[in-house]
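For the sequence shown, counting from 1, position 187 maps to 210 in the numbering used here; every step adds exactly one. Heads up, the beta-carbon is just placed ideally off N, CA and C, and yes, glycines get one too. See below for the structure under consideration.
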Amino acid sequence: MENSFDVAIIGGGIIGSSIAFQLAKRGRKVVILEKDRVACQASSAAAGMLAAQAELEEDGHLFQLALKSQAMFASLSTELVEYSGIDIELVNKGMTKIAETEEIALDIKKQVIFQRKWDPMITWLDAKEIRVLEPSLSQSVAGGMYLPNDGHVQPAKLTQAFAKAAEYFGAVIREQTEVLSFIFENGQVKGVNTTNGVIHSEQVVVASGAWSAKLLRESGLDIHVYPVKGECFSVRAEKQLINTTIFSDKRCYLVPKRNGEIYIGATMIEHSLDNKVTPEGIATLIERATQLVPQIKEAAWERVWSGIRPQTADGTPYIGEHPNWKGLFVAAGHFRNGILLSPITGVVVADLLTGKILDQNELSAFRLDRHKETVS
Ligand code: FAD
Ligand code: GLY
């Protein structure tokens with residue numbers, strides 16, 4: 024079995040798969056090492072919203088990166104069909120960010136002014152206008168911000184499409200292969216030890232989601248990535264209940280998928296690495312969702328699931344090279360926006376690994392040593 028590669032990527036989630044695709048397309052010999060299966064963790068649990076402007080409310084490097092990534096989806100969707108045969112189910116029917124009280128309405132109206140700098144199509148809809156767009160909304164809704172250009176994808180399909188497209192360009196995928204440790208020599212990474220033997224490579228990318236911090240501790244770096252579990256459920260209605268994604272706050276959203284399912288998420292349980300779905304979590308979501316769209320009560324139950332988001336201490340992902348070990352890179356901590364950020368992360372990491380000169384000011388927000396703390 025081949026065990027020498029240009030780049031070894033640890034983690035077959037959406038981030039590792041997107042990086043593999045971009046590197047393989049540039050002719051690098053890449054292997055993805057995945058301890059379980061491709062798209063088995065957060066990347067298949069996500070709702071798939073590309074919600075740069077609903078999730079991120081302040082300008083900054085992360086917000087600008089998210090806008091760039093969001094703009095990549097239309098052409099990416101065509102490109103991935105060509106190389107993987109998979110349709111990522113991109114839906115571009117917009118999002119409505121709901122205000123349920125006058126106080127929240129005031130806050131969202133301020134967001135409308137801010138967000139229109141990047142998309143002049145974003146508007147405020149009052150209680151009457153919003154019901155023209157979404158007649159099933161509860162009478163309690165005071166209005167909302169309409170984002171006509173916000174879309175969503177099927178996240179497991181996007182992850183599989185990245186991985187398959189990477190294979191099309193020659194990447195190798197090793198599932199059921201856990202990385203146990205790094206091999207270092209004279210300040211340079213030389214490969215990794217796995218449950219299926221040694222892999223030699225002078226470039227290694229840690230893209231292991233919520234598990235990244237544990238792996239990196241032996242390299243002397245504490246990157247402050249921690250798990251935040253999210254539980255979801257889905258229903259299917261006889262008639263189309265909602266037209267856009269309904270985003271209430273960071274604890275409840277309803278996403279009408281192309282196959283007729285409505286995804287409803289999601290809880291936020293910090294420091295939980297188990298995938299258990301609890302009646303309490305789902306009961307909270309049902310209560311929130313039916314306050315927004317009462318007819319959800321009558322829809323047909325479909326399924327429940329959960330996933331582990333990789334959060335960081337400052338809410339910003341880590342993207343960059345290890346400060347002490349040449350050739351060791353990290354792309355982890357994408358928290359609530361890893362699906363949205365996956366295309367641009369793939370490109371930025373491939374640029375870094377192939378020596379392209381990048382704007383250091385833009386990248387500084389994502390540096391691995393920004394907390395200046397190392398462990399010994
Ligand atoms: P993961 O998908 O977790 O992949 C990491 C992979 O690494 C796993 O497959 C794991 O098995 C593997 N691994 C770990 N350790 C090792 C090792 N030592 N050796 C080999 N393999 C290893 N984002 C959005 O943009 N939009 C959304 O609407 C959205 N909704 C979400 C809803 C929920 C309920 C959740 C949980 C998340 C949501 N997210 C959303 C966030 C998004 O899912 C994550 O940010 C993203 O999936 C993280 O991708 P990842 O590749 O870093 O991690
Ligand atoms: N971005 C939605 C979530 O993480 O639940």
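Asked, Found
"May I have the straight-line CA-CA distance separating Q183 from L79, to the nearest angstrom?", "26 Å"
"According to DSSP, is H84 helix, strand or coil?", "helix"
"Let me check understanding here. Comparing Cα to Cα, which of G39, K91, L46 lies closest to L375?", "L46"
"Does the region 295-313 touch the region 358-374, meaning 3 or more C-beta pairs lie closer than 8 Å?", "no"
"Assuming I319 contacts A312 under a Cβ cut-off of 8 Å, what Cβ separation, rounded to an integer in Å, is found between them?", "5 Å"
"Of all the options M118, A70, S163, V229, which has the alpha carbon lying nearest to the alpha carbon of E125?", "S163"
"Is R34 close to the ligand FAD? I mean its beta-carbon at under 7 Å from any heavy atom of the ligand.", "The question names Arg, yet the displayed sequence has Gly at residue 34. Yes, the Cβ of G34 comes within 7 Å of a heavy atom of the ligand FAD."
"For E254, count neighbouring C-beta atoms within 10 Å of its own C-beta (all shown protein chains included) and say buried if the count is 16 or more, exposed if not.", "buried"
"Alpha carbon to alpha carbon, how far is A122 from L170? Give it in angstroms, no decimals.", "14 Å"
"Put M144 into one of helix, strand or coil per three-state DSSP.", "coil"
"Can you tell me the Cβ-Cβ gap for V278 and I42, rounded? I've got them flagged as a contact below 8 Å.", "About 26 Å; that fails the 8 Å criterion."
"State buried or exposed for D173, treating a residue as buried only when at least 16 other CB atoms are found within 10 Å of its CB.", "buried"
"Where does F137 land, buried or exposed, given buried means 16+ other C-beta within 10 angstroms?", "exposed"
"Considering only C-alpha positions, which residue in the set L391, T339, A186, E310 is nearest to L351?", "L391"
"Shortest alpha-carbon distance to L56 belongs to which of K273, H175, F28?", "F28"
"Classify V398 as buried or exposed, calling it buried when 16 or more other Cβ atoms lie within 10 Å of its own Cβ.", "With a pLDDT of only 44 at V398, under the threshold of 50, the placement of this residue in the model should not be trusted; the figure read from the coordinates follows. So V398 ends up on the exposed side."
"Can you have a look at P302 and say buried or exposed, based on whether 16 or more other CB atoms are within 10 angstroms of its CB?", "exposed"
"Run the proximity test for E78: is its beta-carbon closer than 7 Å to any non-hydrogen atom belonging to the ligand ATP?", "In terms of ligand content, the structure shown lacks the ligand ATP and carries the ligand FAD and the ligand GLY instead."
"Going by the C-beta, is N26 closer than 7 Å to any heavy atom of the ligand GLY?", "no"
"Could you check whether the Cβ of A289 sits closer than 7 Å to any heavy atom belonging to the ligand GLY?", "yes"
"Which residues in the same chain have their Cβ closer than 6 Å to the Cβ of F86, if we skip the five residues on either side of it in sequence?", "L79"
"Taking DSSP's pairing of strands, which residues face L264 in a bridge?", "Bridge partners of L264: none, in fact."
"Cβ atoms of A70 and G288: under 8 Å apart, would you say?", "yes"
"For the ligand GLY, is there a heavy atom less than 7 Å away from the beta-carbon of A179?", "no"
"Quick check on DSSP: helix, strand or coil for V177?", "Before going on, a small fix: residue 177 reads as Gln here, not Val. Coil at Q177, not helix or strand."
"Suppose the cutoff is 7 Å on Cβ atoms and the five residues either side in sequence are ignored; what does the same chain contact list for L88 look like?", "L364, I367"
"If you follow the beta strand (DSSP E) that I131 is part of, which residue opens it and which one closes it?", "Not the beta strand (DSSP E): I131 falls in the alpha helix (DSSP H), residues 125-138."
"Below 7 Å, is the gap between the Cβ of E284 and the nearest heavy atom of the ligand FAD?", "no"
"Report yes if the C-beta distance between D59 and Q177 is below 8 Å; otherwise report no.", "no"
"Inspect the CB distances between the region 245-264 and the region 96-111 and report whether three or more fall short of 8 Å.", "no"
"Quick check: V212 and W324, are their CB atoms within less than 8 Å of each other?", "no"
"Evaluate the contact criterion for the region 259-272 versus the region 235-244: three or more CB pairs, one atom per stretch, below 8 Å.", "no"
"Measuring straight from C-alpha to C-alpha, what distance separates N216 and F205?", "6 Å"
"Please state whether DSSP places Q334 in a helix, a strand or coil.", "strand"
"Sort out for me which residues DSSP pairs Y169 with in a bridge.", "T119, T146"
"If you draw a straight line from the C-alpha of L386 to the C-alpha of A260, how long is it?", "44 Å"
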